[in-house]
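Numbering (this note's numbering), first residue to last: 21 to 824. Every residue gets a Cβ at the ideal spot worked out from N, C-alpha and C, and that includes glycine. Note that the coordinates shown come from a computational prediction; the quantities given were computed from them, not determined experimentally. What follows is a short report on a single structure.
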RNA sequence: GGGCGUUUAGCUCAGUUGGUUAGAGCAUCUGCCUUACAAGCAGAGGGUCUGCGGUUCGAGUCCGUAAACGCCCACCA
């Protein structure tokens with residue numbers, strides 16, 4: 021028998037353990053069709069917050085749903101523990117920078133730290149009820165993943181999509197590494213717009229340049245004006261003298277200069293921004309690189325060498341001012357590009373880096389995007405927008421320690437890269453040696469190892485390959501090409517989704533998955549996104565689970581439409597708590613009346629029973645339709661709405677028949693029993709994707725014909741009870757009206773109705789006549805008079821028994 | 001500045017292809033201990049659906065436009 025009160029903490033621990041011991045979520049290939057889910061490996065950089073719970077729960081519910089629909093669900097889980105996020109976590113915990121700790125020791129600390137957090141994360145996700153097969157758990161720093169990531173790199177080299185080139189790249193002088201365009205985050209900062217006077221060497225004519233970055237004056241290689249700028253175009257061809265720095269540079273014409281921006285005269289430095297890089301390439305300008313990799317001015321620059329960028333800016337403004345070159349200084353707020361991992365402003369550097377070709381295959385990536393179903397569909401537009409606007413090839417080199425090493429050495433003499441052979445993988449070039457003993461190009465026998473590691477995304481973009489055990493003898497390639505579903509939040513469409521598409525296209529020439537479901541964000545308050553880095557997550561997932569139970573937290577996670585942002589709401593949790601409590605209570609009632617129940621074929625249902633069976637059938641149809649479109653919240657809405665109707669109307673009616681067979685008859689009682697038996701079973705199934713724990717507890721106590729409710733299959737009802745559904749609903753409205761009368765007179769609902777006269781349409785009249793006993797018992801009616809009417813129904817006479 | 005979304009009751013949110021008096025929960029108010037549930041039940045009040053214009057017999061829903069907010073991108077002269 022079910023307990024009087026449901027103790028979620030105790031029951032959830034019990035079933036979690038049961039599922040684990042009985043391997044309920046184990047994946048084994050069999051005859052069933054596979055439904056595979058590529059779920060994001062969470063980044064290991066501190067805490068799992070409520071936003072993760074929101075997004076991961078939604079995909080998890082799809083896993084449960086597909087299982088109930090008879091699919092063999094492949095749902096692995098992993099952690100993204102390589103790369104910069106982990107390094108920064110370790111640096112933060114140690115209070116030291118990686119280079120201060122040393123490469124070997126630092127890597128060791130990274131492994132230890134990520135292991136520690138992953139154990140916590142795994143525990144948290146398990147408690148949330150994530151139905152993954154943990155035996156397939158992967159890490160992005162494990163040898164097997166490194167092997168796959170290195171194979172992916174070598175495959176791209178072979179296919180000619182990956183190249184090594186000295187090229188300007190985005191550089192973070194906080195993290196001391198190059199980064200990719202996708203890792204940029206824009207930030208608004210306050211700065212000054214400085215109007216500086218230059219003059220021409222030829223005739224000493226003064227002209228003004230406005231700049232936010234005067235410290236770049238030593239890096240100026242030329243000055244540009246727009247050829248159509250009537251105020252300034254006479255300067256073209258002359259020579260500009262740079263104040264303070266005392267260097268002369270040519271004044272050139274380019275149409276890209278905006279006449280109305282600043283003063284209309286632009287200084288071109290190598291490199292201040294992306295336009296500088298374009299001009300540098302276009303006009304073959306000299307390279308004047310003045311920053312060190314840790315964000316200082318190089319020593320060879322007189323007066324400013326060795327200063328930090330911002331110090332130099334301050335100093336140079338002072339010098340310009342005292343020389344009388346400053347015309348004016350304006351306060352300015354503008355957007356700068358920062359590194360999303362650390363928030364510091366991004367510079368450019370020139371060094372040899374590995375790049376993956378993006379620019380030559382944009383059309384292909386767009387085409388693949390079109391072959392994928394995006395849910396909600398407008399997320400596809402965001403993908404296209406990103407692909408269309410991408411401006412750089414993908415730089416995958418990082419000058420860091422904790423990542424997948426490039427399987428590459430370089431010839432000491434000629435610099436020719438020598439690649440590891442695939443059999444050698446995983447390889448660490450700092451420790452291992454190439455198979456070849458001689459450089460194929462010059463014959464030299466000494467090699468220098470590549471010490472850069474790969475970008476995190478270079479590896480997380482191969483999660484489908486990790487899942488299919490790419491390159492292994494025993495693999496899942498045939499069942500996972502493509503995978504069924506990718507799920508993630510909208511912020512990583514441009515990274516994780518895009519890069520995975522890039523890799524899948526290059527490796528296999530096809531889409532990585534058939535469907536993508538994108539969740540929204542959780543807002544801390546209106547308009548404020550919760551994020552790890554901002555530290556504004558006031559609600560800890562574990563606290564919530566302990567206080568409300570995993571089922572309740574999942575209820576919250578399932579609210580709303582797919583892709584829409586939600587605000588964290590305690591009220592929604594309360595609502596979930598009440599719903600689960602109600603499921604528990606009604607199950608208790610139903611169980612009480614099933615003690616003598618034997619399930620058998622039966623079709624002589626009472627009218628009211630047909631009404632609720634038909635209503636359920638209609639609701640479930642909608643429920644399934646929503647889930648087939650990944651609309652978890654909407655599916656829950658219709659289910660919840662039906663459920664309260666079931667409790668408040670149907671159960672209130674049928675309960676009299678269940679309690680008093682001597683009055684209502686044995687067969688009508690059986691009809692009621694069969695109905696509640698059937699519907700509760702199906703309700704538990706439908707609710708199980710949201711509330712895996714409470715539904716399991718009830719299922720095991722009442723039905724228990726399978727090892728778990730999560731291994732059962734949804735079989736939709738096929739009755740034809742359309743009339744009963746329609747007229748039954750009308751009958752409920754009449755019941756509600758009569759109850760309203762009692763309420764309005766401040767009377768108990770048990771107050772006897774001495775006489776009730778209703779005029780109604782033939783359909784409704786038929787419904788009430790056929791369920792007369794139920795109807796009268798529900799409303800405590802003594803005398804019921806029915807008559808025909810044209811409109812649906814009208815209560816003509818209602819006499820209440822009022823006791824003095 | 002560009003792309004995408006959001007704007008519905010005091011709060012959190014639904015509202016399918018355009019179709020009667022726009023829904024739910026919470027909150028508020030009024031009742032009711034009714035053999036599952038007072039963490040409950042029955043009711044009530046509360047909305048010019050962000051503004052403006054248009055299409056239509058009919059618009060919360062479609063089109064245009066403006067505003068606010070959010071995400072992503074561009075903008076460092």
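DSSP state of residue i mapped onto helix, strand, coil
i	result
residue 415	strand
residue 181	coil
residue 401	helix
residue 758	helix
residue 426	coil
residue 240	strand
residue 458	coil
residue 195	coil
residue 7	With the chain running from 21 to 824 in the structure shown, residue 7 is simply not present.
residue 510	helix
residue 158	strand
residue 362	coil
residue 617	coil
residue 565	helix
residue 597	helix
Nearest-angstrom beta carbon gap, residue j and residue i [assumed within contact, 8 Å]
i	j	result
residue 805	residue 773	Not really, about 11 Å apart at Cβ, beyond 8 Å.
residue 200	residue 477	7 Å
residue 49	residue 499	7 Å
residue 603	residue 88	Wrong, their Cβ atoms sit about 17 Å apart, outside the cutoff.
residue 198	residue 370	Going by Cβ atoms, the distance from residue 198 to residue 370 rounds to 10 Å, so no, they are not a contact pair.
residue 510	residue 538	5 Å
residue 269	residue 243	6 Å
residue 274	residue 299	7 Å
residue 750	residue 784	5 Å
C-alpha distance - residue i paired with residue j, whole-angstrom precision
i	j	result
residue 556	residue 70	Interpretation of residue 556 is limited by its pLDDT of 48, a score under 50 that renders its predicted location unreliable; no figure is taken from the coordinates.
residue 289	residue 246	17 Å
residue 543	residue 63	20 Å
residue 540	residue 520	20 Å
residue 824	residue 668	The pLDDT assigned to residue 824 is 47, lower than 50, so where the model puts this residue is not dependable; a value taken from the coordinates is nonetheless given after this. Rounded to the nearest angstrom, the two C-alpha atoms are 30 Å apart.
residue 771	residue 820	7 Å
residue 124	residue 468	18 Å
residue 437	residue 559	50 Å
residue 412	residue 379	7 Å
residue 810	residue 817	17 Å
residue 386	residue 406	10 Å
residue 596	residue 572	5 Å
residue 763	residue 756	10 Å
residue 670	residue 780	21 Å
residue 501	residue 533	8 Å
residue 665	residue 526	53 Å
residue 600	residue 79	21 Å
residue 172	residue 605	55 Å
residue 825	residue 136	Residue 825 cannot be examined here, being either before or after the span of the chain that is shown, 21 to 824.
Status (buried if at least 16 other CB within 10 Å, exposed otherwise) for residue i
i	result
residue 27	exposed
residue 553	Low confidence applies here, because residue 553 scores a pLDDT of 44, under 50, leaving its location unreliable and the question unanswered by this model.
residue 359	buried
residue 765	exposed
residue 167	buried
residue 170	buried
residue 445	buried
residue 86	buried
residue 622	exposed
residue 586	buried
residue 447	buried
Requested in this report: Taking 8 Å as the threshold, find out whether the segment 51 to 67 comes into contact with the segment 102 to 118 through three or more Cβ pairs.
Outcome: yes
Query raised in the report: Between the segment 695 to 702 and the segment 645 to 660, are three or more C-beta pairs nearer than 8 Å?
Result: no
**Report entry** Three-pair Cβ contact test at 8 Å for the segment 621 to 631 versus the segment 786 to 793
**Finding:** yes
Query raised in the report: Do the segment 138 to 151 and the segment 112 to 121 meet, that is, are 3 or more Cβ pairs less than 8 Å apart?
Result: no
Query raised in the report: At a cut of 8 Å, does the segment 638 to 645 reach the segment 608 to 617 through at least three beta carbon pairs?
Result: no
**Report entry** Cβ contact check for the segment 207 to 223 and the segment 344 to 354: 3 or more pairs under 8 Å
**Finding:** yes
Query - Three-pair Cβ contact test at 8 Å for the segment 271 to 286 versus the segment 221 to 236 - result: yes
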